[in-house]
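Residue numbers (our numbering): 16 to 236.
Using N, Cα and C, we set each Cβ at its ideal position, and we do this for glycine too.
All figures in this text were calculated on a predicted structure; none of them were measured in a lab.
Okay, so here's the structure we're looking at.
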């Protein structure tokens, strides 16, 4: 199977199985999404969604959050992973939005990564979700699933994986493909116990082929 055929099969499957592919983070505007994505680093979307309503109620705008004290914001997000760093990042992010961007969330990766707590992955999420830009955010799910399916080959870093994915995925589908891979990794292609029996991509899956061969060898012995 060629790389092109591999991508075509995966895209056809996901378009049928996950026709509506979007973030599971709850938000109403770009600022809220930015806050939610910063909080979601090494934390579940479920936990983030339980926490953000209180944040958005108290700090509905960058201007309001910029004036927050560390203690006030920390108390709201202390159940989130790494609350100390994230509290500092969010207050710093809000201040920079106010001072450098007139209170608006910028829509380029280059500008977004200047904000405290915002790396390339977060910037890619914001621009692809809000503006449908062809940017591929590679998290642990995307990295794992794309490698198992052979969509990426020998990618050692998330940036290498990102470059390989955007090379073969049609530009107009990249913002959706990000969610396809995340959702597949979150609910089917789990890290430790993937639900291969529920997956329609086993015929192209390198991981499944490897596990099947190992099981066959054990049975032979």
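Pick helix, strand or coil for residue i, following the three-state DSSP scheme.
i: residue 66; result: helix
i: residue 96; result: coil
i: residue 86; result: helix
i: residue 129; result: coil
i: residue 179; result: helix
i: residue 210; result: coil
i: residue 169; result: coil
i: residue 16; result: coil
i: residue 190; result: helix
i: residue 40; result: coil
i: residue 162; result: helix
i: residue 80; result: helix
i: residue 47; result: helix
Ordered along the chain, which non-local residues of its own chain (more than five positions away) have a Cβ less than 7 Å from that of residue i?
i: residue 236; result: Its pLDDT being 42, under 50, residue 236 is placed unreliably by the model, and nothing is read from it.
i: residue 37; result: 194
i: residue 9; result: Here the chain covers residues 16 to 236 and nothing more, so residue 9 does not appear.
Under 6 Å Cβ to Cβ from residue i, same chain only, skipping five residues before and after it: list those, please.
i: residue 117; result: none
i: residue 67; result: 51
i: residue 214; result: 203
i: residue 232; result: Because the pLDDT of residue 232 is 44, which lies under 50, any placement of that residue in the model is unreliable, and the number read from its coordinates should be weighed accordingly. Cβ neighbours of residue 232 beyond the five flanking positions: none.
i: residue 79; result: none
i: residue 91; result: 69, 70
i: residue 41; result: 64
Residue i: which of the options sits nearest, CA to CA?
i: residue 128; options: 104, 29, 93; result: 104
i: residue 18; options: 49, 168, 99, 191; result: 168
i: residue 34; options: 226, 199, 148, 44; result: 199
i: residue 102; options: 55, 159, 177; result: 55
i: residue 205; options: 227, 155, 182; result: 155
Check whether the Cβ atoms of residue i and residue j sit closer than 9 Å, and answer yes or no.
i: residue 164; j: residue 27; result: no
i: residue 186; j: residue 166; result: no
i: residue 106; j: residue 88; result: yes
i: residue 119; j: residue 209; result: no
i: residue 137; j: residue 152; result: yes
i: residue 189; j: residue 49; result: no
Round the Cβ separation of residue i and residue j to the nearest angstrom and send it over; I've been treating them as touching at under 8 Å.
i: residue 109; j: residue 77; result: 4 Å
i: residue 53; j: residue 132; result: 5 Å
i: residue 161; j: residue 112; result: Not quite, the Cβ-Cβ distance comes to about 32 Å (not below 8 Å), so this is no contact.
Is the shortest distance between the beta-carbon of residue i and the beta-carbons of chain C less than 9 Å?
i: residue 93; result: Among the chains of the structure shown, chain C does not appear; only one protein chain is present.
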